[in-house]
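Engineer:
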Amino acid sequence: MKKYLILLNVLLVSISFVACSDDSDSWGGSKDSTKNKIVGTWMDASGKIRSTYYYLKDGNGYDEFTKSDDGVFRRTFKWNLEDDVLTVDYDKDDYFANSNNSYYVSFDTEGNMTLTNVKTNKQSGYVKINNKGTTSVNYKNPPFVNYVRIYGYYYELTKAIMKCDHGVGTQSNSKDLMFYGANEKLSPIGVRFMYFTPYYEGINKEWGDGTYTIKSKGDYWVYGGVYTHNGSQSYRCDGKLTIKTSGKTKYFDFNLDDGDAIGHFEGYWSYSYE
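Anchor point for the sequence shown: position 227 equals 263 in this note's numbering, and the numbering is continuous, going up by one each time.
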């Protein structure tokens, strides 16, 4: 009888041990192990896509791509892993709609990651460039303090210039508010707002605080706006321009054609007398 009791106790201990070790959601289990492998910074293994993907420990992330003309693409996303399926859910913003994809995840012996799209079965390979799952707390902010974002790419703005021209004879009066790109010119990247009055009226060169309605239809007493992208100037846009002053600092925010060109500038402006 004593031998049977000892054998029964051994079996109970064995069964209890197996049930505990099979819990993949516990600390150090297979699910956490895969998550830990994903956390970090990745680049396309083929070298054909120049994006960098950042998977953070808290389930957030972003990808970043730099164009040859200094434009920076950045989108934030949330990621989650369930049953070896990685779901990447991109955040909606002023230009891009919400989008998401699901991938089967696998790793080779060197730690490189392969993602296979659940719907299309297309595979993409990635090489990890660091294992850190943290980054700047400001990763959701634009890469530049002063910027214009055109078609989803950020470009640096370097200065704001006001210009006023009084027409000669029957020529119209005009004033401009211009934002210059990284090369301190209006091309290949730049933004310009304008306002016209007839020759028989005066014009105030100032752009005071307030919200300006930007209209695509050109006419007197109507505020217009255009942007230059890769050296090509847009048509007149619809949108908004907001100007605020705090102390000696001016703050400009604008949105043209429903998110095609969004910008922010803060600092000082100057007058052009050319």
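In this text, a Cβ means the ideal position worked out from N, Cα and C, and glycines have one as well.
Among the residues of its own chain, which have a CB less than 6 Å from the CB of residue 57, if the five just before and after it don't count?
Structural biologist: Residue 57 sits at position 21 when you count from the first residue of the sequence shown. Below a pLDDT of 50, predicted positions are generally treated as unreliable, and residue 57, at 36, falls in that range; no measurement from the model is reported.
Engineer: Alpha carbon to alpha carbon, how far is residue 262 from residue 73?
Structural biologist: Counted from its first residue, the sequence shown places residue 262 at position 226. Counted from its first residue, the sequence shown places residue 73 at position 37. Between residue 262 and residue 73, the C-alpha separation is close to 46 Å.
Engineer: Roughly how many angstroms lie between the CA atoms of residue 273 and residue 250, to the nearest whole one?
Structural biologist: Counting from 1 along the sequence shown, the entry for residue 273 is found at position 237. Counting from 1 along the sequence shown, the entry for residue 250 is found at position 214. Their Cα atoms are separated by approximately 7 Å.
Engineer: To the nearest angstrom, how far is the alpha carbon of residue 189 from that of residue 94?
Structural biologist: Residue mapping note: residue 189 aligns to position 153 of the sequence shown, counting from 1. Residue mapping note: residue 94 aligns to position 58 of the sequence shown, counting from 1. Taking the straight line joining both Cα atoms gives about 26 Å.
Engineer: I'd like to check one pair, residue 112 with residue 100: are the Cβ atoms closer than 7 Å?
Structural biologist: Here residue 100 refers to the residue found at position 64 when the sequence shown is read from its first residue. Here residue 112 refers to the residue found at position 76 when the sequence shown is read from its first residue. Against a cut-off of 7 Å, the Cβ pair of residue 112 and residue 100 comes out as no contact.
Engineer: Would residue 197 and residue 82 be called neighbours here (beta carbons separated by less than 7 Å)?
Structural biologist: Here the question's residue 197 lines up with position 161 in the sequence shown. Here the question's residue 82 lines up with position 46 in the sequence shown. No, these two residues do not count as a Cβ contact at 7 Å.
Engineer: At 3 residues or longer, and completely inside the stretch 98 to 162: list those beta strand (DSSP E) runs for me, N to C.
Structural biologist: 108 to 118, 121 to 126, 135 to 143, 149 to 153, all fully within the stretch 98 to 162.
Engineer: Assuming contact is defined by CB atoms lying nearer than 7 Å, are residue 134 and residue 128 in contact in what I supplied?
Structural biologist: Translated into the one-based positions of the sequence shown, residue 134 becomes position 98. Translated into the one-based positions of the sequence shown, residue 128 becomes position 92. For residue 134 and residue 128, yes; Cβs fall inside 7 Å.
Engineer: Comparing alpha-carbon positions, which option in 178, 123, 106 lies nearest residue 299?
Structural biologist: Your numbering for residue 299 matches position 263 in the sequence shown. The shortest Cα separation from residue 299 among 178, 123, 106 belongs to 178.
Engineer: Have a look at 161, 303, 226 and flag the residue whose alpha-carbon is nearest the alpha-carbon of residue 185.
Structural biologist: For the purposes of this step, residue 185 is taken as residue 149 along the sequence shown, with counting starting at 1. Residue 226 is the option with its Cα nearest to residue 185.
Engineer: When the Cα of residue 143 is compared with those of 78, 124, 181, 114, which residue comes out closest?
Structural biologist: Translated into the one-based positions of the sequence shown, residue 143 becomes position 107. Comparing Cα-Cα distances from residue 143 to each of 78, 124, 181, 114, the minimum goes to 78.
Engineer: Just how far apart, CA to CA, sit residue 216 and residue 195?
Structural biologist: Taking the sequence shown and counting its residues from 1, the one referred to as residue 216 is at position 180. Taking the sequence shown and counting its residues from 1, the one referred to as residue 195 is at position 159. Between residue 216 and residue 195, the C-alpha separation is close to 5 Å.
Engineer: Applying the 10 Å Cβ sphere with the 16-neighbour rule, what's the burial state of residue 75?
Structural biologist: Locating residue 75 in the sequence shown gives position 39, counting from the first residue. Buried is the call here.
Engineer: Going by beta carbon distance, what residues of the same chain come within less than 7 Å of residue 166, once the five residues before and after it are set aside?
Structural biologist: Position 130 of the sequence shown, counted from the first residue, corresponds to residue 166. Closer than 7 Å at Cβ, skipping near neighbours: 76, 77.
Engineer: Going by beta-carbon coordinates alone, are residue 98 and residue 86 separated by less than 7 Å?
Structural biologist: Here residue 98 refers to the residue found at position 62 of the sequence shown. Here residue 86 refers to the residue found at position 50 of the sequence shown. Cβ distance not < 7 Å, so residue 98 and residue 86 don't count as in contact.
Engineer: Apart from the five residues on each side of it in sequence, which residues of its chain come closer than 8 Å, Cβ to Cβ, to residue 148?
Structural biologist: Within the sequence shown, the letter at position 112 stands for residue 148. Counting only Cβ-Cβ distances below 8 Å, and skipping sequence neighbours, we find 81, 161, 162, 163, 164.
Engineer: Here's a check: name, in chain order, each residue in its chain whose Cβ is nearer than 6 Å to the Cβ of residue 259, leaving out the five neighbours to either side.
Structural biologist: Counting from 1 along the sequence shown, the entry for residue 259 is found at position 223. The residues are 231, 248, 250.
Engineer: Using the C-alpha atoms, what's the distance from residue 234 back to residue 213?
Structural biologist: Taking the first residue of the sequence shown as position 1, residue 213 is located at position 177. Taking the first residue of the sequence shown as position 1, residue 234 is located at position 198. C-alpha separation (whole angstroms): 19 Å.
Engineer: Which runs of the beta strand (DSSP E) fall wholly inside the stretch 243 to 282 and span at least 3 residues, in chain order?
Structural biologist: The stretch 243 to 282 contains these whole beta strand (DSSP E) runs: 246 to 250, 259 to 265, 275 to 282.
Engineer: Does DSSP put residue 240 in a helix, a strand or coil?
Structural biologist: For the purposes of this step, residue 240 is taken as residue 204 along the sequence shown, with counting starting at 1. In the structure shown, residue 240 sits in coil (DSSP, three-state: anything other than H, G, I, E or B).
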